[in-house]
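Peer 1: Per the working numbering, the sequence shown starts with residue 13, numbered consecutively. Beta carbons: idealized from backbone N, C-alpha and C, even for Gly. Note that the coordinates shown come from a computational prediction; the quantities given were computed from them, not determined experimentally.
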Amino acid sequence: MAAFGIDWMDDHLADGGLSTSSLHDATAASSSLADDAATTLFIAGIVARLAAGGSGTVLWTVTRFDLYAPGLEQAGLAPATAIFAQGRDDDEVLALMEDGLRHGGLAAVVGEVRRASMTATRRLQLAAAEGRTPAFLLRRRRRRDACPLSEPSAATTRWRIGCAPSARLPAAGVGRARWNVELVRQRNGAPFSLMLEASDATGRLALPAGPRDRAASADGADIRAAA
Numbered sequence: 013m014a015a016f017g018i019d020w021m022d023d024h025l026a027d028g029g030l031s032t033s034s035l036h037d038a039t040a041a042s043s044s045l046a047d048d049a050a051t052t053l054f055i056a057g058i059v060a061r062l063a064a065g066g067s068g069t070v071l072w073t074v075t076r077f078d079l080y081a082p083g084l085e086q087a088g089l090a091p092a093t094a095i096f097a098q099g100r101d102d103d104e105v106l107a108l109m110e111d112g113l114r115h116g117g118l119a120a121v122v123g124e125v126r127r128a129s130m131t132a133t134r135r136l137q138l139a140a141a142e143g144r145t146p147a148f149l150l151r152r153r154r155r156r157d158a159c160p161l162s163e164p165s166a167a168t169t170r171w172r173i174g175c176a177p178s179a180r181l182p183a184a185g186v187g188r189a190r191w192n193v194e195l196v197r198q199r200n201g202a203p204f205s206l207m208l209e210a211s212d213a214t215g216r217l218a219l220p221a222g223p224r225d226r227a228a229s230a231d232g233a234d235i236r237a238a239a
């Protein structure tokens, strides 16, 4: 289990954190480049913490290599802890992921795809369980107005990440980035959403400074923290 280190968040995850033998989906809240980057860095921070825990190297697979290495490093994922592999299409990326998961010696496996069938995600879930390695599927949008999470998946958790306004500074400048983090679905648990400060250089998220008791939800499973 990989805890986020944020008590409220970990308490509302069915496993007390992210299962390290499961598949997890994530996608951007919109088709904007900013939300896409936020989702990439959200995953980068998680796998960076897994790698820092001494679990080995991260395998990151793509069909088009457009990752910005300095940005990943700012989220904690140093170049020395990652292997990047490029597939010709989504099917090849999914196959690379499956091979990496069954290897069993990696800290995590990440794949970026536009399409993954229910059968493909079941195979990844089984491979993650067999290799005891977490898998993260970053689902790119095929159409601007279609959320990839509308497609079925065997993933244990499904996340949607979007940018939020950063905190005001006492002087001109840009504060630490903030994200709206939404857990759309989790196995054996309820969905929730909250605002977090973006991953720091160690891959850790944080609640914004200031009042943290503004919670509202129809079923008590939603919280938004704002400064």
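Suppose you measure from the CA of Asp47 to the CA of Pro164; what does that come to, to the nearest Å?
Peer 2: If you take the alpha carbons of Asp47 and Pro164, they lie about 22 Å apart.
Peer 1: Whole-angstrom Cβ separation of Gly68 and Leu118, contact assumed at under 8 Å?
Peer 2: 5 Å between Cβ atoms; contact.
Peer 1: By a C-beta neighbour count over all protein chains shown, 10 Å radius and 16 as the cutoff for buried, is Pro146 buried or exposed?
Peer 2: By the 10 Å Cβ count, Pro146 comes out buried.
Peer 1: Under 8 Å between the Cβ atoms of Thr52 and Leu206?
Peer 2: Taking 8 Å as the Cβ cut-off, Thr52 and Leu206 do not qualify as a contacting pair.
Peer 1: When DSSP builds the beta bridges, which residues end up paired with Val122?
Peer 2: Answer is Trp72 and Phe148, bridged to Val122.
Peer 1: Note down the Cα distance separating Arg100 from Thr75, rounded to an integer number of angstroms.
Peer 2: Cα to Cα, the separation comes out at about 6 Å.
Peer 1: Hey, Arg188 and Arg61: beta-carbon distance below 8 Å or not?
Peer 2: Against a cut-off of 8 Å, the Cβ pair of Arg61 and Arg188 comes out as no contact.
Peer 1: Start and end of the alpha helix (DSSP H) containing Asp102?
Peer 2: Start and end: Asp102 to His115.
Peer 1: Just the Cα atoms here: how many angstroms apart are Gln86 and Leu25?
Peer 2: Whole-angstrom Cα-Cα distance: 26 Å.
Peer 1: Classify Asp225: buried if its beta carbon has 16 or more other beta carbons within 10 angstroms, exposed otherwise.
Peer 2: Unreliable placement is indicated for Asp225, whose pLDDT of 38 sits below 50; the coordinate value is still reported in the next sentence. Answer is exposed; the Cβ neighbour count stays below 16.
Peer 1: In this structure, does DSSP put Arg61 in helix, strand or coil?
Peer 2: The answer is helix: DSSP assigns Arg61 an H, G or I state.
Peer 1: Output the distance between the C-alpha atoms of Leu136 and Leu106, rounded to the nearest integer angstrom.
Peer 2: Cα to Cα, Leu136 sits roughly 8 Å from Leu106.
Peer 1: When you compare only the Cα positions, how much space is there between Met13 and Ile58?
Peer 2: Distance between the alpha carbons of Met13 and Ile58: 12 Å.
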